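Q:
Residue numbers (the numbering used here), protein chains in the order written: chain A, 572 to 681; chain B, 121 to 230.
Okay, structure coming up:
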């Protein structure tokens with residue numbers, strides 16, 4: 572089993588709609604969780620951290636469920652510019668050795 | 121703001137040739153990483169360096185060597201390139217577990 576698993580998609584989303592997807596992780600001792608965004612053939616960039624209480628950044632909401640070992644990302648009022656691959660990232664240990672999922676592709680259509 | 125700088129951006133090698141991928145960061149980060157990204161596989165950690173003078177193997181270290189020359193620089197060497205090493209390579213550095221990536225090196229081994 573992979574340490575971090577994501578549905579590869581693509582999630583085809585009409586502009587203005589809401590899309591949500593999850594990421595599961597296998598190591599129950601994982602400490603930190605993040606969503607990164609990667610545009611085609613570009614480097615990944617931090618989208619947002621995921622806190623235990625859940626957090627929101629504009630149209631983006633991230634949730635953490637430690638009991639079931641998954642994190643989620645919800646995008647409201649999708650924009651064409653939200654089309655990208657979203658990478659789930661988990662901090663495996665105290666040295667900050669980040670473990671990446673394979674990514675979920677989101678395609679927002681007009 | 122240079123951030124993380126990788127060179128070269130593109131490279132074609134013949135099987136058996138050697139080369140070194142260079143990476144430098146100007147953010148005074150302790151941790152540095154080398155990842156490879158293949159279609160459908162996400163980012164896989166090759167080597168990790170928690171600080172100057174220390175390196176640890178990641179998920180896929182075979183066929184690679186690294187050198188943490190100083191706090192700024194972390195190089196990745198392919199001693200005898202193989203077609204299986206055709207990939208996109210990303211260098212990253214981090215502080216407080218947020219990672220910043222270079223623009224990537226697209227390597228093709230023929």
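Here a beta-carbon is modelled for each residue, glycine too, at the ideal position from N, C-alpha and C. Computed from a predicted model, the values in this text were never measured in an experiment.
#1: Any chance you could list the alpha helix (DSSP H) runs of at least 4 consecutive residues sitting entirely within the stretch 595-637 of chain A, in chain order?
#2: Say whether chain A places a C-beta atom closer than 8 Å to the C-beta of residue 224 (chain B).
#3: Taking the beta strand (DSSP E) that residue 655 (chain A) falls in, what are its first and last residues?
#4: Taking only beta-carbon positions, decide if residue 218 (chain B) is within less than 8 Å of chain A.
#5: Could you please give the first and the last residue of the uninterrupted beta strand (DSSP E) stretch that includes residue 197 (chain B)?
#6: For residue 660 (chain A), I'd like the list of residues in its chain whose CB is within less than 8 Å of its CB, leaving aside the five on either flank, ordered along the chain.
#7: How about residue 95 (chain B): is its C-beta nearer than 8 Å to some C-beta of chain A?
#8: If we cut at 8 Å on Cβ distances, does residue 615 (chain A) have a partner in chain B?
#9: Look at the alpha carbon of residue 230 (chain B) and the alpha carbon of residue 635 (chain A), and state the distance between them as a whole number of angstroms.
#10: Hey, does residue 674 (chain A) have any beta-carbon neighbour from chain E nearer than 8 Å?
#11: Could you name the residues of the same chain whose beta carbon sits closer than 6 Å to that of residue 151 (chain B), not counting the 5 residues immediately before and after it, in chain order?
#12: Between residue 177 (chain B) and the rest of its own chain, which residues show a CB-CB distance below 7 Å, the 5 nearest in sequence each way excluded?
#13: Under 8 Å by Cβ, that's how I've got residue 123 (chain B) and residue 220 (chain B) pegged, so tell me the actual separation to the nearest angstrom.
#14: Under 8 Å by Cβ, that's how I've got residue 202 (chain B) and residue 137 (chain B) pegged, so tell me the actual separation to the nearest angstrom.
#15: How would you call residue 130 (chain B), buried or exposed, if buried means at least 16 neighbouring beta carbons within 10 angstroms?
#16: From which residue to which residue does the beta strand (DSSP E) around residue 185 (chain B) run?
#17: Am I right that residue 677 (chain A) and residue 654 (chain A) are in contact with their C-beta atoms under 8 Å? What's the rounded C-beta distance?
A: Checking against the coordinates, here is how it stands:
#1: The qualifying runs do not exist here; there are none.
#2: Cβ-Cβ to chain A under 8 Å: yes for residue 224 (chain B).
#3: Residues 655-662.
#4: Closer than 8 Å to some Cβ of chain A, the Cβ of residue 218 (chain B) qualifies, so yes.
#5: For residue 197 (chain B), the enclosing beta strand (DSSP E) begins and ends at 195-198.
#6: If we look at residue 660 (chain A) and ignore the five residues flanking it on each side, its Cβ neighbours are 575, 604, 605, 606, 607, 669, 670, 671, 672.
#7: Nothing in the structure corresponds to residue 95 (chain B), since chain B is present only between 121 and 230.
#8: Judged by the 8 Å Cβ criterion, residue 615 (chain A) is in contact with chain B.
#9: Rounded to whole angstroms, the separation of the alpha carbons of residue 635 (chain A) and residue 230 (chain B) is 44 Å.
#10: In the structure shown, chain E cannot be found, because the protein chains are A and B.
#11: Excluding positions up to five away in sequence, the list reads 170, 214.
#12: Hits under 7 Å: 167.
#13: With a Cβ gap of about 6 Å, residue 123 (chain B) and residue 220 (chain B) count as contacting.
#14: With a Cβ gap of about 10 Å, residue 202 (chain B) and residue 137 (chain B) do not count as contacting.
#15: The residue in question, residue 130 (chain B), is exposed, as its Cβ has fewer than 16 Cβ neighbours within 10 Å.
#16: Note, residue 185 (chain B): beta strand (DSSP E), 184-187.
#17: That pair is a contact at about 6 Å.
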